[in-house]
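First to last, the protein sequences are chains A and B. Going letter by letter, the first sequence gives residues 831 to 1433 in our numbering. Going letter by letter, the second sequence gives residues 12 to 268 in our numbering. Note that CB positions come from ideal geometry on N, CA and C, so glycine has one too. In what follows, a single structure is set out as structure tokens and then discussed.
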Amino acid sequence: MNIRHYILFFLLFVASGVFAQGVKFTAAVSKTTVGTGEQFEVEFSVNADGSNFVSPDLNDFQLLGGPNVSTNMQFINGKATMSSSFSYVLMAAKEGTFTIAPASIVVNGRKFTSNEIKITVVKGKPVPQNNQSNRGTQGQGRANNANTADLSKSLFLRAVIDKNTVYQGQQLTLAYRIYTRVDILQNQVDKLPDLTGFWNQDIKALQPAQFRLDTYKGQRYNVADLKQIILFPEHAGNITIDPFGMSFIARVQTQPRDFMDQFFGNNVQEVNYAAKSLPVVVHVKPLPEAGKPAGFSGAVGHFSIEASIDKNHLKANESINYKIKITGTGNIKLLNNLNPVFPADFEKYDPKITDTVTVNENGVSGSRIYNYLLIPRHKGDFKIDPIQFSYFNPTTGSYTSLTTKSFDIKVEKGINEDNVTALSGDDKQDVKLLDKDIHYIKTGDAQLRSDGNRFYGSLAFYLLLLSGPVLCAGAFVYRNQQRKNNSDVVKVKSKRAGKVAAKHLANAQKELSANNTTAFYEAISKGLYGYLSDKLNISYADLDRETIASALKTKAVSEGLVTQLRDTLDLCEMARYAPVTHISTQEVFEKAKNIINAIENEI
Amino acid sequence: MKFDLFKIGLCFVMMLGLPALSFGDDGTQALFEKANNYYSKNKYKEAVSTYNQLLKSRESSAIVYYNLGNAFYKDGDIASALLYYEKAHKLSPGDEDINFNIRFANARTTDKIDEAPELFLSKWWRVVILAVSADTLGIVAIVLFLFGSGLLVFYFFSVSGSIKKFSFFSGLALFFLGIVSIIIGGSQVGYFNSNKQAIIFTSSVSVKGSPADKANTVFVIHDGTKVNVLDNANGWLRIKLANGNEGWLKPSDVKEI
């Protein structure tokens, strides 16, 4: 053994020591701070050929995959170097700070331990409940979040509408479509938009989504329709369909890391991938105002209408079925109730509505049947007026009005008509108010008056109001005056006596000129007696010569005048029964006149 | 003598009273008939403008207001229709046509307002004072006063006992009735003067809790609703609804009846 052997031995020894010293067993995580529900990877790697790998306790986390073992072997200048890694895909389930304890491995009979790793788990998205830990085969690839940028080109979602621009109420088809060029192992719908602004109806898929080949942007894809929906925009304007999202686990081809991968076909990866479609905007045009029919109630599409009746000759109290059928494509379920006008004397019940609607890729189509039950209660010839139905046809962009037939119905007198009307007590019925309206205008005189010049409270009003009481007061004052003047009856009478006498004398003179002597004397006597009665305030019945004489005497009338008066009265008395010749009638008249004058002068 | 006094009184009544009752001159009457013609031919817009022309002369009558309200109603302007119906109602509160159309048009306004319960006495009293227009009541009062005076004058001058008694008491009764009708008329004028009302013309009005733009909105009312105007301060109107709710709004939102 020469010195060279010693040197070689020494060097080999050192080298083997170096070699042994160079074993590195490290633990690494893809991130140290994760959110709950987020996936991360722990990798334990050793740069030597190790065995007896003991994994640490990973119970703080949910194990999604692993251990995935990969081994590398390199030959450099005839020297083989090996490295192995053991990786786990974990998901944080709880918040907090956790420690991944060291793992251990035995290399060349020596035990190595890895470093400890602290993981901080913060609040993230909620933890999915399905445990995927038993998914896939051990050691066969691993799911990760890598390569999402590349994946988005080969796996994406689209919300596809068949029309971008529609009229309000016009139907359009929305399809949620998956485009893929990779194998999808699993998929899950995360979120479906709620499609506000549309009335929607799902197209029922007959079987699970089938993939078909389709070309999009020059690339061939496997395409599947996840869901198809018929939409009816409810208002005009731009309505955005929110994105929908799905998460996939896809199997993707990776670059082979080494020939072993290539050889064993290990160059596939299972990748978690969440995809989201782009929002889609639908331009909704309002229905044109021009040419809108009067009774238009919002039907959009293409329709036909048909009315039928089961009999048109019947007896009172029997029923008629009046059927209106609207067939076509469009928003049949959104059709408003028709308001057919029936004869007012018919009893009418709310219609039974039967929809027969099919929903497919071409839209909603089918028919709606309104079945009205009518019961005529009285005999007569009636007519059911035609119904106007109008719809907007979006393909031509114009309104179409349809009219049904009208029906003449002959109602005979029913057998049990009396029975029915007997229920209401008697044969009378209320007059039905068919249509209400405001009362008609007033015609005739406009009766215009100046503003703010109302009669009540005006000057004229008060003057007129006062006129009555004033009149009253005036009358009262006048009457009192009168009464005051008339209060002395004697005075008044005596005042009036001369006048009365004059009247009688005038009468006498008239008789005189008529040569009617008897009447003349009577008038003279009446005149004198009347005069004296008034003048002396003695009632006519009490008048006789003695009372006159004594009364005159008390009034201090001269004796001669009294005698004269008495003579004249006697003369008049006598002349009424016997002709008087000794004195002419003219003289008697003058005498009476003189006497009265004399008495007037003396009293 | 008595007869003469009565005759003079009657002449006095005619002289002062008839001008108040006189009808418009021929020009306005022709215009009125023209407007009525438009209405009957369903030309409501023309009818509205013609009726308005009539009212431009600062003259008014319940009939023209009522017809104008009808024309507005037929033209679809419910708020204006109600405004003119209410104006007509003010001039002729007892007219059943006007009251019916007010009820009818109110059914077509947006707001449904239940009237706050009211004591039946005040309701009856309102029915009484609004039954006949104040002008008619005034004329009735004058006529009652005149007849009462006539009977009293008769009483003053009549001689026979029983006739005298009868004329005295009936005259007093007529005077009493006249005073009652004056009181009713006065109450009616007072009622319309104190109860200022307005119709909302803006299609949607936010009624504020206090007279400021930033104040809280207490409630929202719509065109055609009738409100009572309680107060007017700083360019704001304090209003009260029939159901008792109160608030403030801008005068531009309403038109006073």
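In chain A, what lies closer than 7 Å to Ile74(B) by C-beta? Lys1272, Ala1276 and Gln1277
Are Ile268(B) and Leu260(B) closer than 8 Å when you measure CB to CB? no
Mind checking if Asn47(B) is an interface residue toward chain A, Cβ cutoff 8 Å exclusive? yes
Leaving out five residues on either side along the sequence, give the residues of the same chain with a beta carbon under 8 Å from the beta carbon of Asp264(B). Ile211, Phe212, Thr213 and Val216
With H, G and I counted as helix, E and B as strand and the rest as coil, what does DSSP make of Pro163(B)? Checking the sequence, you will find Leu at residue 163(B) rather than Pro. Leu163(B) falls in the helix class under three-state DSSP.
For Val853(A), which of helix, strand or coil comes out of DSSP? coil
So is Ala145(B) in contact with chain A if we call contact Cβ pairs under 8 Å? yes
At a Cβ cut of 7 Å, what residues of the region 1296 to 1313 of chain A count as close to chain B, listed as they run along the chain? Ser1297, Gly1298, Pro1299, Leu1301, Cys1302, Ala1305, Phe1306 and Arg1309
Rounding to the nearest angstrom, what Cα-Cα distance links Ser68(B) and Asp146(B) in this structure? 21 Å
I'd like the span of the alpha helix (DSSP H) that includes Gln1312(A), first residue to last. Leu1289 to Asn1316
Nearest-angstrom Cα separation, counted from Lys1243(A) out to Leu1204(A): 16 Å
For the ligand FAD, any of its heavy atoms closer than 7 Å to the Cβ of Lys219(B)? In terms of ligand content, the structure shown is empty, and the ligand FAD therefore cannot be addressed.
At the 8 Å Cβ level, is Ser1317(A) part of the contact set with chain B, yes or no? no
According to DSSP, simplified to helix, strand and coil, what is Ala976(A)? Residue placement at Ala976(A) is flagged as unreliable, the pLDDT there being 47, under the threshold of 50; the coordinate-derived value follows with that caveat. Ala976(A) falls in the coil class under three-state DSSP.
Mapping DSSP to helix, strand and coil, what is Ser915(A)? strand
Using a Cβ-Cβ distance cut-off of 8 Å, determine whether Glu70(B) contacts chain A. yes
Close-in-space but distant-in-sequence residues of the same chain around Leu148(B) (CB under 8 Å, 5 per side omitted): Ser192, Ile193, Ile195, Gly196 and Gln199
Over the uninterrupted alpha helix (DSSP H) stretch that includes Phe1237(A), give me the two end residues. Note, Phe1237(A): premise wrong, no alpha helix (DSSP H); beta strand (DSSP E) at Phe1237 to Glu1242.
Could you tell me which chain B residues have their CB closer than 8 Å to the CB of Ser982(A), listed as they occur along the chain? Those do not exist, as Ser982(A) stays about 50 Å from chain B at its closest Cβ, beyond 8 Å.
Residue interval of the beta strand (DSSP E) (run including Arg1007(A)): Leu1002 to Thr1010
Glu129(B) lies in the beta strand (DSSP E); which residues open and close that run? Neither: Glu129(B) is in no beta strand (DSSP E) and is coded neither H nor E.
For Phe187(B), does the count of other Cβ atoms within 10 angstroms reach 16, so buried, or fall short, so exposed? exposed
Helix, strand or coil: how does DSSP classify Leu248(B) here? strand
Is it buried or exposed, Pro262(B), if we count other Cβ atoms within 10 angstroms and call 16 or more buried? exposed
Helix, strand or coil: how does DSSP classify His1143(A) here? strand
Range covered by the beta strand (DSSP E) that runs through Phe942(A): Arg940 to Thr943
Would a check of beta-carbon distances place Leu1025(A) closer than 8 Å to chain B? no
Identify the residues that DSSP records as bridge partners of Asp242(B): which are they? Arg249(B)
For Ile210(B), which residues in chain A fall below 9 Å Cβ to Cβ? In chain order: nothing, as chain A lies at least about 17 Å away.
Three or more C-beta pairs under 8 Å: does that hold for the region 986 to 997 of chain A against the region 1109 to 1124 of chain A? yes
Alpha-carbon spacing of Val1098(A) relative to Glu946(A), whole angstroms: 31 Å
Report all residues from its chain with a CB closer than 8 Å to the CB of Tyr95(B); omit the five preceding and five following residues, and keep chain order. Tyr76, Tyr77, Leu79, Gly80 and Phe83
Within 8 Å (strictly less), CB to CB, does Asn50(B) reach chain A? It is Tyr, not Asn, that sits at residue 50(B) in the sequence shown. With 8 Å as the cut-off, Tyr50(B) counts as an interface residue toward chain A.
Neighbouring residues, chain A, relative to Thr120(B) (Cβ below 8 Å): Near Thr120(B) there are no residues of chain A at all, since even the closest Cβ is about 14 Å away, more than 8 Å.
Based on the DSSP output, what are the partners of His1065(A) in its beta bridges? The partner list for His1065(A) (beta bridge, DSSP) is empty, contrary to what the question assumes.
Quick one: Cα of Asp890(A) to Cα of Ala922(A), how far? 8 Å
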